[in-house]
Amino acid sequence: MEWNSTQHFWLVILCFFVALIPRFVPLSFFRTRKIPKWFNEWMSYVPIALFTSLVVKDLIITSSYSLSVDGKAAELIAALLVFIISYWTRSMALSVILGLGSVIVLSLII
Amino acid sequence: MTKQVPNPNEPRWLTNLKTAMPLNISYVPIGLACGILLHAAGFNTILTGLVSLLVFSGGAQFLIASMLVINSPLLSIVIMLFFLELRYALLGSSISKYLQGQSNLFTFLFALSLNDETYAVNYLKLSTDKKFTPSDALQIEHYALFVWTLSTIIGSLIGSAISINLTVVHFALTALFIYMVVMQIKSLLKVLVMLLTIGLSIIFLMIMKSTLGLVVATLLASFVGFMVESYIRAHYKRYRKNIFLHSFKNPAGTPEEDDEEFEEENK
C-alpha cells in the first residue's frame, strides 16, 4: 500500500497525541503529588528493555520476522564498536558518528 | 530573563545557548539521517518538518520511517509509538518536582518538547545550578527543537537530491539505540534484564510476527527486573551493596543523578 500525503498528515497528528500524552499527564499529575515507589521502580527497567528489543529487531530480525544474521556482519561488528564507544565516551554524537563511519567502512571491506 | 549570571554582560539566552550546544551538535547527524529515512519512507519535506516539530523524538521518528517502509498499518505504528513514548512518563515524573508552582500552560509547553536528550541536559542543570530556572530549561528545549527540525528538513532535501545506501543510514538509529542501552547499564541486574530482553524479543517477534512482540518483551523483561529488585530489597537489608543492585562505576566520570551530592558541591 502506497501512502499519500494526507494519510501521512493524519499519521503525524495521531503520533503527536500519543507522544504528548505520556509526556504531559505524568508531568502534570506528579507536579503536585508524590510518585508511587513501585511505579518508579518498574519504569526504571523499561528504557533498557525497550531499547534492547529495538536493537535486536534492527540487527537480527528480518522484515518477515525470522531470525537471521545473513549479510549483517558489518552492522553486527559496528554495533559492538558503538557499544564500546558509548560505554567509554558517554557521548551520543561520537557514538552515532563513529558508528556510521565504521558501518560504511566495514560494508566496503566485507 | 534578567537574572544574575557569572558574566553580568552575558544575556541569559546566550548562556542557555552555550548550555544547549553539545546537544545541538549531536542532533545534526541524527537529524540528517532521520530526514533522509523519512524521505525514503515517502514523507515530503513539509511533513518531515511538521513531524519533527510535533513529535520531536529521534526514536519515534526513525520508528515511523522504518514501519512505513515495511508497510505497517496505521494503527500498528501509532500503538508502537505510544509504547515507545511511554518511557517519557518516567522522565516527566522525575523532572516534575522542579516545575512546582509553574502554570498549566508552562507545564504543557514544557511537556511538548521534553525528550530523552533535553531531559538529560535540563535535569542536570536544574539539580546543580540554583540560578537555572524552568524558563531557562524551556529555552534549552526550544534550541534543541529548532536544530532538530532544521536538521531533519535538510536531511529530507538531501534524500531527495541524491540516492543513498539506506541500510547504512538506518544504522544511525541503531547506534542511537545502542547508546541509549549503554546509558542504562547501571547495575548487574540491568545487564541481566538486557540479556533476558534479547531472548524474549527474538521469541515474541517470531511468534507474533509484528512489532507488538517488542512491547510484550519490554513489559515482561522490565517487570522481571522490577520483581527481582523488589525481592532483593525485601530480603536483604544491605541491598545497596547487593551484587545485582550495586551501581557500576562510570568510566567517563559523568556525574550521577544524585541531588544531594550536587548541592553539596555547588555550595
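Residue numbers (this note's numbering), protein chains in the order written: chain A, 1 to 110; chain B, 1001 to 1267.
All C-beta atoms in this analysis are idealised placements derived from N, C-alpha and C, irrespective of residue type, glycine included.
Computed from a prediction, not measured in an experiment: that's the story for all the values here.
Contact criterion: CB-CB distance below 8 Å. Does residue i meet it with respect to chain A?
i: Leu1188(B); result: no
i: Ile1140(B); result: no
i: Leu1145(B); result: no
i: Leu1090(B); result: yes
i: Ser1230(B); result: yes
i: Phe1244(B); result: no
i: Ala1137(B); result: no
i: Glu1010(B); result: no
i: Arg1087(B); result: yes
Closer than 8 Å, CB to CB, is residue i near chain B or not?
i: Asp70(A); result: no
i: Ala73(A); result: no
i: Val105(A); result: no
i: Leu108(A); result: no
i: Gly99(A); result: yes
i: Leu20(A); result: yes
i: Ile77(A); result: no
i: Arg31(A); result: yes
i: Thr6(A); result: no
Below 8 Å on the Cβ atoms is my guess for residue i versus residue j; work out the distance and round it to an integer in Å.
i: Gly1031(B); j: Leu1176(B); result: Going by Cβ atoms, the distance from Gly1031(B) to Leu1176(B) rounds to 11 Å, so no, they are not a contact pair.
i: Thr1019(B); j: Ile1140(B); result: 6 Å
i: Ser1187(B); j: Phe1244(B); result: 7 Å
i: Leu27(A); j: Leu1112(B); result: Contact doesn't hold; Cβ gap of about 10 Å is too wide.
i: Asp192(A); j: Thr1152(B); result: Nothing can be reported for residue 192(A), as the shown portion of chain A is limited to 1 through 110.
i: Ser102(A); j: Leu81(A); result: 5 Å
i: Thr32(A); j: Met1194(B); result: 35 Å between Cβ atoms; not a contact.
i: Lys1190(B); j: Ile48(A); result: 5 Å
i: Arg1087(B); j: Val46(A); result: 5 Å
Could you spell out where the alpha helix (DSSP H) holding residue i opens and where it closes?
i: Pro1073(B); result: Premise fails: Pro1073(B) is in no alpha helix (DSSP H) and is neither H nor E.
i: His1170(B); result: Leu1166 to Gln1184
i: His8(A); result: Ser5 to Phe30
i: Val1216(B); result: Leu1212 to His1235
i: Lys1241(B); result: Taken as a continuous stretch (DSSP letters only), Lys1241(B) belongs to no alpha helix (DSSP H), as it is neither H nor E.
i: Lys1190(B); result: Leu1188 to Met1208
i: Ala1041(B); result: Looking at the DSSP string, Ala1041(B) is not in any alpha helix (DSSP H), and its letter there is neither H nor E.
Would residue i and residue j qualify as a contact pair, given that the criterion is a beta-carbon distance under 8 Å?
i: Leu1050(B); j: Val12(A); result: yes
i: Ser1026(B); j: Thr1149(B); result: no
i: Leu1063(B); j: Leu1084(B); result: yes
i: Ala1144(B); j: Thr1128(B); result: no
i: Ile1178(B); j: Phe83(A); result: yes
i: Ala74(A); j: Gly99(A); result: no
i: Val1294(B); j: Ile104(A); result: Nothing about residue 1294(B) can be reported from this structure: the residues present for chain B run from 1001 to 1267 only.
i: Leu1047(B); j: Phe9(A); result: yes
Apart from the five residues just before and just after residue i, which ones in its own chain have a Cβ nearer than 7 Å to its Cβ?
i: Ile1164(B); result: Ile1036
i: Ile110(A); result: Ala73 and Ala74
i: Tyr1239(B); result: Ile1232, Arg1233 and Leu1245
i: Ser67(A); result: The sequence shown places Leu at residue 67(A), not Ser. Counting only Cβ-Cβ distances below 7 Å, and skipping sequence neighbours, we find Ile60 and Ile61.
Skipping 5 residues on each side, what residues in its chain have a beta carbon closer than 6 Å to that of residue i?
i: Ser1072(B); result: none
Excluding the five sequence neighbours on either side, which residues of its own chain have a C-beta within less than 8 Å of the C-beta of residue i, listed in chain order?
i: Ser1093(B); result: none
i: Met1067(B); result: Ser1076, Ile1077, Met1080 and Thr1211
i: Leu1138(B); result: Phe1106, Leu1109, Phe1110 and Ser1113
i: Ile1185(B); result: Val1191, Met1194 and Phe1248
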